[in-house]
Structures are given as C-alpha cells and as structure tokens.
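Heads up: the sequence shown begins at 437 in this note's numbering, then just goes up one per residue. Virtual Cβ for every residue (Gly too), placed ideally from N, Cα, C. Here's the structure, in structure tokens; my notes come after.
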Amino acid sequence: MTQTKRNQLLAIGLLGLGLFFLYRGGTLLKGIALVLLSVAALLGGTVFANKRRIEIVAGLGLLAGIVCLYLPALASMQGSAFHLLFACAIAFGMTTAARRWATVAAALCAVIGIAFLYQPFVPSLSGTALYLLLPGITLFSIVAARPTVCERVSIGLIALGLVSLCQPFLMLFYQTGFHLLLAGLTGFIVVAHR
437 MTQTKRNQLL AIGLLGLGLF FLYRGGTLLK GIALVLLSVA ALLGGTVFAN
487 KRRIEIVAGL GLLAGIVCLY LPALASMQGS AFHLLFACAI AFGMTTAARR
537 WATVAAALCA VIGIAFLYQP FVPSLSGTAL YLLLPGITLF SIVAARPTVC
587 ERVSIGLIAL GLVSLCQPFL MLFYQTGFHL LLAGLTGFIV VAHR
C-alpha cells in the first residue's frame, strides 16, 4: 500500500469517525469530532487527485451547515452546523478553482457574521454569528489572492477584539470582543500557514 493510498484511507476513516462522533451526542465527542473533521478536511484537500469532487462535497457540506443553522425544522441539528461549516470551509478553500468567487463569498460570510453580532433586533442571530464568522474568516484566509490583506484584516480583528474586551463602557462590545479576537487569531494562524 502506497503512502498516498494510506493517507486517502486515513482521511476517509477520520471523516467517518468524525461524523459518527458528531451525531452520537455528548459534548466531549462533539469536541473530538471537530478535530477529526478538520484533520480529515486537511488530508482530503491534499491527498486526493480529484480536487473537483472534494470541492463539490465540501460545497454541499457548507450548504448543509447553513441549512442546519437557519432552518427552524432542523433546530436539533444546529449543534453540528459549526462543525460542518468549519471543516467544509477548510476543504473547500484548499480545493476550489474559483478563488475570486470563494473570496467574495467568504468575505460576505464574515461581514454577515459581524453584522449578526451587533444587530439588536433578532437575538437568535447574534447567537449564530460566530458560526458564520469563523468559517468565513478561515475560507477568506485560505483563498484570498493577497496574503497581506488577510494579515491586515486578521490583525484588525485582533486589535478590535482586544479593545472591545478592555473597554469598560459598552457591554455589547465587551460581550462580542471575544468573537472578534477568536476570528482574528484564527485568520492570522491560517494565513501564516498557507
């Protein structure tokens, strides 16, 4: 068995095990599922020769994550939406050929996530803002053509998150500062390792 075949089997096995843990229940198993799905996405994006197939599967996973997040009939699946969105954002970003469209979609997703953080009208939307913000920043950091722009956006989010956490005046900024800080750190780490 060659190294490539072994890595392909490992990626498929990690994907299956991650999905099993994700829908099995329990907080610990869902945490392990996030790691397994992320590693499977990284391996899948590098070892399979047919990148288009991985791109289609990851795109369908992104669509399924969005549907699970916002469709009221699937409220029980909302806990797995972040796992799907994050892992599929990694795989989609590594395999897509449409980098410009993916960059625009990722930036739009991140901006919508930030808008959901600060909108006062529907409280449930601010609860799902991080689910859009982190995959959006991750995908943006992978597919954007200029890494310096990604670094600047990430550093801006880090600075804004730190300022929001340290200011004593507005509770809303204090509550959302961690989301911005986490998104900025994630984006900076991804762009530094691409």
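Helix, strand or coil: which one does DSSP assign to Thr532?
coil
CB of Phe552 within 8 Å of CB of Thr564, strictly:
yes
Taking only runs that begin and end inside the stretch 537 to 622, name each unbroken beta strand (DSSP E) of 3 or more residues, in chain order.
none
Are Gly452 and Ala469 touching if we call contact CB-CB under 8 Å?
no
Roughly how many angstroms separate the alpha carbons of Leu465 and Lys441, rounded to a whole number?
27 Å
Asn443 in three-state terms, based on DSSP
helix
Between the Cα of Asn486 and those of Met607, Cys545, Leu606 and Gln444, spot the shortest distance and give me the residue it belongs to.
Gln444
Just to confirm, are Gly620 and Leu593 a CB contact at a threshold of 8 Å?
yes
What does the alpha-carbon distance come out to for the pair Tyr554 and Ala543?
17 Å
Please identify the residue among Thr482, His615 and Cys504 whose C-alpha is closest to the C-alpha of Gly529.
Thr482
Among residues of its own chain, excluding the 5 on either side of Ser516, which ones have a beta-carbon nearer than 6 Å to its beta-carbon?
Leu458
Inter-residue Cα distance where the pair is Pro604 and Arg488
49 Å
Find out if the Cβ-Cβ distance for the pair Val626, Ile548 is shorter than 8 Å.
no
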